[in-house]
DNA sequence: AACGCTAATCTAAACGTTTCGATCATGTCA
DNA sequence: TGACATGATCGAAACGTTTAGATTAGCGTT
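Chains as they are written, first to last, in the numbering used here: chain A, 1 to 339; chain B, 1 to 339.
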């Protein structure tokens with residue numbers, strides 16, 4: 001900018017005024033300055049501007065896994081929304097690791113991001129402190145955090161799983177395996193509650209042997225399913241509480257020589273774009289990814305626009321049960337195939 | 001830092017020296033400063049540091065679509081690699097739009113990213129100029145760019161498609177539909193060349209009616225497939241040159257009342273994590289996503305480490321044909337089903 | 001002619017670091 | 001004892017912006 005000012009024989013203040021339109025500058029000087037900008041190929045340095053202004057027009061976004069199609073879709077929507085608003089997005093994947101998340105959020109705050117969207121991981125204590133210290137707006141997404149009282153957009157997970165389980169129960173299933181992620185995050189907790197409540201509402205026992213837990217990865221779903229299928233009294237259906245794990249479930253079913261839905265019914269949380277096309281067409285609980293992403297972005301953009309003092313807003317969206325053909329009705333002959 | 005200095009009754013220079021280890025500071029002062037840092041909860045401001053140092057420890061990454069599993073996987077690997085190296089990643093999705101890409105790259109450069117990894121979109125002219133102007137290292141990924149002579153990691157697309165086509169031809173297919181993305185980017189061009197060469201090598205004609213082009217989205221694959229399937233002399237196999245489009249292909253096949261592989265064989269570029277499990281199990285060309293991401297990251301990290309003057313390095317990786325069950329051998333009764 | 005008002009422009013400080021060179025005490029050596 | 005190297009610390013400039021406040025010129029009023 002100094003070079004531009006010299007070339008145009010004006011002060012840097014005038015150049016700044018012209019660029020930002022913060023003051024009127026005469027036509028002559030405007031012309032000289034614009035010419036100089038073109039000649040020199042000047043681009044304003046956003047870092048210097050950020051330092052002075054205290055704002056970076058950049059937000060931080062952390063998710064557990066970007067390869068999980070649910071997060072991929074949401075990230076994509078958020079990215080678009082902030083792109084439109086002229087913000088850049090710094091993306092971090094925490095890989096479901098607490099320390100990683102911790103480090104990454106600090107990294108983002110050090111870089112003076114203007115706001116944060118967090119699909120958190122693990123215990124909320126540290127996150128709580130970080131959020132309290134940093135005075136940037138934070139939006140929680142997908143996962144709430146006890147003690148962190150801030151904007152959030154989540155699903156009614158309990159209801160969604162309740163509905164899915166009720167569907168299975170209505171089909172005649174009585175022993176339904178349930179594969180959950182680590183239960184220290186709110187959706188896993190709520191989904192599990194939905195599972196239990198649906199069973200109880202139908203007067204069915206909650207057999208602990210039917211509940212298995214894993215760490216969100218395909219391999220965890222595989223192992224959990226293997227355990228479920230080797231039970232003496234095998235479940236007739238399996239519900240997987242997240243979508244990477246259901247791939248593992250399907251692989252285990254295949255490897256053990258069974259097939260879905262003939263031998264075992266499968267449903268899961270989170271939809272896939274290809275669910276309609278490949279066999280078995282999985283019955284899933286679809287989250288409104290577009291809405292989740294947009295709402296999270298809107299909540300944060302609203303804060304960034306200056307609405308700092310409004311009380312925390314918590315949006316709860318509804319899931320939708322996509323009934324396809326991976327669950328079969330159980331007739332008189334209950335899970336007839338012998339292992 | 002000023003506050004820390006005052007609290008510890010030292011100068012800011014000493015605080016800086018201690019934090020960065022750039023000079024020895026006495027045990028007494030060290031203790032005082034460290035205490036002050038803890039008391040105040042001081043965090044170094046990375047923006048101010050960037051301004052002074054001329055480096056942000058942030059890189060920019062632009063991809064056409066993050067929802068495409070291929071890019072998702074690669075982004076994930078790159079993200080992890082830079083995370084380990086202490087860099088932040090600014091992610092941009094260009095949505096296959098030239099202007100968007102242009103804007104985003106400028107945005108990234110304004111923010112003084114230390115380097116750029118680009119899976120480019122469209123014509124290379126503007127990218128070429130931007131890359132020339134910006135004196136940050138750039139690594140091209142997945143897609144080369146004519147006239148941009150920089151580090152790159154790409155696939156041997158031509159060979160990969162040649163192999164896939166040869167496989168189909170060996171199965172007895174003679175009329176093979178081909179669905180490509182817009183051909184102004186190198187992989188699409190190279191893949192098409194592989195298609196033509198395989199046909200020619202087998203002494204088969206290249207029927208232009210069998211080649212359809214779309215814009216990388218599922219709907220484009222759907223439309224292209226609809227056109228192919230309504231041809232008088234329908235192809236017995238379809239190869240889709242990218243993976244979102246193959247979902248559209250499968251939907252079109254379903255909607256038209258045919259089935260794969262009985263009525264029509266399908267193969268495509270890019271693997272899916274679930275390809276092994278759902279029916280039909282798609283035969284695909286798998287890209288070494290892990291290697292692509294790691295190599296791209298390594299190339300850039302090497303430049304960032306100071307190796308600026310080495311001549312541009314171009315890495316060409318090999319694809320792998322994953323033969324599953326979505327393509328059937330053509331016996332005596334050639335594509336028998338009548339439309 | 002003196003005055004005040006407005007519009008245009010400029011000067012200089014500030015944002016929070018890093019770093020060069022200066023300062024100063026201390027100990028060593030001739 | 002004086003010269004000098006050494007090590008620790010500091011002062012101040014610089015990075016490239018923004019912006020408050022000062023300055024100047026032009027013009028209309030009285």
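Just so it is clear, CB atoms sit at the ideal spot from N, CA and C, and this is done for glycine as well.
Less than 8 Å separating the beta-carbons of residue 62 of chain B and residue 105 of chain B?
yes
Compare the C-alpha of residue 34 of chain A against each of A/57, A/10, A/49, A/118 and name the closest.
A/10
Please list the segments of the beta strand (DSSP E) lying wholly inside the segment 225-255 of chain B, counting only runs of 3 or more residues, in order along the chain.
237-240
Establish whether the CB of residue 38 of chain A and some CB of chain B are separated by less than 8 Å.
no
Shortest alpha-carbon distance to residue 262 of chain A belongs to which of A/94, A/268, A/279?
Between residue 262 of chain A and the set A/94, A/268, A/279, the nearest pair of CA atoms involves A/279.
Taking 8 Å as the threshold (C-beta atoms), are residue 238 of chain B and residue 228 of chain B in contact?
Against a cut-off of 8 Å, the Cβ pair of residue 238 of chain B and residue 228 of chain B comes out as a contact.
Using a Cβ cut-off of 8 Å (strictly closer), state whether residue 307 of chain A contacts chain B.
no
So what does DSSP say about residue 121 of chain B, is it helix, strand or coil?
coil
Within 8 Å of any Cβ in chain B, is that where the Cβ of residue 242 of chain A sits?
no
Measuring alpha carbon to alpha carbon, tell me which residue in B/91, B/141, B/113, B/90 is nearest residue 120 of chain B.
B/141
Specify, as a first and last residue, the run of the alpha helix (DSSP H) that residue 73 of chain B falls within.
In the DSSP annotation of this structure, the continuous segment of the alpha helix (DSSP H) that includes residue 73 of chain B starts and ends at 69-84.
If you run the structure through DSSP and keep just helix, strand and coil, what is residue 12 of chain A?
The three-state reading of DSSP puts residue 12 of chain A in helix, counting H, G and I together.
Would you call the CB atoms of residue 204 of chain B and residue 265 of chain B closer than 8 Å?
no
Suppose you measure from the CA of residue 248 of chain B to the CA of residue 225 of chain B; what does that come to, to the nearest Å?
Spanning the alpha carbons of residue 248 of chain B and residue 225 of chain B requires a straight line of approximately 8 Å.
Where does residue 87 of chain B fall in DSSP's three states?
coil
Does the CB of residue 144 of chain B have a neighbour CB from chain A at under 8 Å?
Chain A, which has no Cβ nearer than 8 Å to the Cβ of residue 144 of chain B, makes this no.
With a cut-off of 8 Å, does the C-beta of residue 1 of chain A fall near any C-beta of chain B?
Cβ-Cβ to chain B under 8 Å: no for residue 1 of chain A.
Does DSSP classify residue 6 of chain B as helix, strand or coil?
The DSSP-derived three-state label of residue 6 of chain B is helix.
Mind reading off the beta-carbon distance from residue 340 of chain B to residue 111 of chain A? Whole number of angstroms is fine, and I expect it under 8 Å.
Missing from the structure shown is residue 340 of chain B; chain B here goes from 1 to 339 and no further.
Please determine if the segment 136-156 of chain A and the segment 169-178 of chain A are in contact, where contact requires at least 3 C-beta pairs separated by less than 8 Å.
With a cut-off of 8 Å on Cβ pairs, the segment 136-156 of chain A is not in contact with the segment 169-178 of chain A, counting fewer than three such pairs.
Taking all protein chains shown into account, do 16 or more other C-beta atoms lie within 10 angstroms of the C-beta of residue 301 of chain A, making it buried, or fewer, making it exposed?
buried
Nearest chain A C-beta to residue 183 of chain B closer than 8 Å, yes or no?
no
Run down chain B in chain order and give the residues with a C-beta less than 9 Å from the C-beta of residue 55 of chain A.
Per Cβ cutoff of 9 Å: no residues; residue 55 of chain A is ~10 Å from chain B at best.
Using the three-state DSSP reduction, which class does residue 147 of chain B fall into: helix, strand or coil?
coil
For residue 317 of chain B, the first and last residue of its enclosing alpha helix (DSSP H)
Looking at the DSSP string, residue 317 of chain B is not in any alpha helix (DSSP H); the run it does join, the beta strand (DSSP E), is 314-317.
Does DSSP put residue 172 of chain A in a helix, a strand or coil?
Coil, per DSSP.
Exposed or buried, which one is residue 336 of chain A when buried takes at least 16 other CB atoms within 10 Å?
Model confidence at residue 336 of chain A stands at a pLDDT of 40, short of 50, so the residue's coordinates are unreliable; what they give is reported in the following sentence. It counts as exposed.
Determine the direct distance from the alpha carbon of residue 75 of chain A to that of residue 134 of chain A, and round the result to whole angstroms.
In this structure, the straight-line span from the alpha carbon of residue 134 of chain A to that of residue 75 of chain A is close to 23 Å.
Nearest-angstrom beta carbon gap, residue 72 of chain A and residue 66 of chain A [assumed within contact, 8 Å]:
6 Å
Inter-residue spacing [alpha-carbon to alpha-carbon] between residue 18 of chain A and residue 93 of chain A:
40 Å
Using a C-beta to C-beta distance shorter than 7 Å, which residues of chain B count as neighbours of residue 73 of chain A?
67
Under 8 Å by Cβ, that's how I've got residue 198 of chain A and residue 165 of chain A pegged, so tell me the actual separation to the nearest angstrom.
Going by Cβ atoms, the distance from residue 198 of chain A to residue 165 of chain A rounds to 3 Å, so yes, they are a contact pair.
Determine, for residue 220 of chain A, whether the minimum Cβ-Cβ distance to residues of chain B falls below 8 Å.
no
List, in chain order, every chain B residue whose beta-carbon is nearer than 9 Å to that of residue 200 of chain A.
The premise fails here: residue 200 of chain A is roughly 33 Å from chain B at the closest Cβ pair, so nothing lies under 9 Å.
Quick test of the definition: if touching needs 3 or more C-beta pairs under 8 Å, does the segment 299-317 of chain A touch the segment 96-104 of chain A?
no
Below 8 Å between beta carbons is the criterion; list the residues of the segment 269-281 of chain A that meet it against any residue of chain B, in chain order.
272, 273, 274, 276, 277, 278, 279, 280
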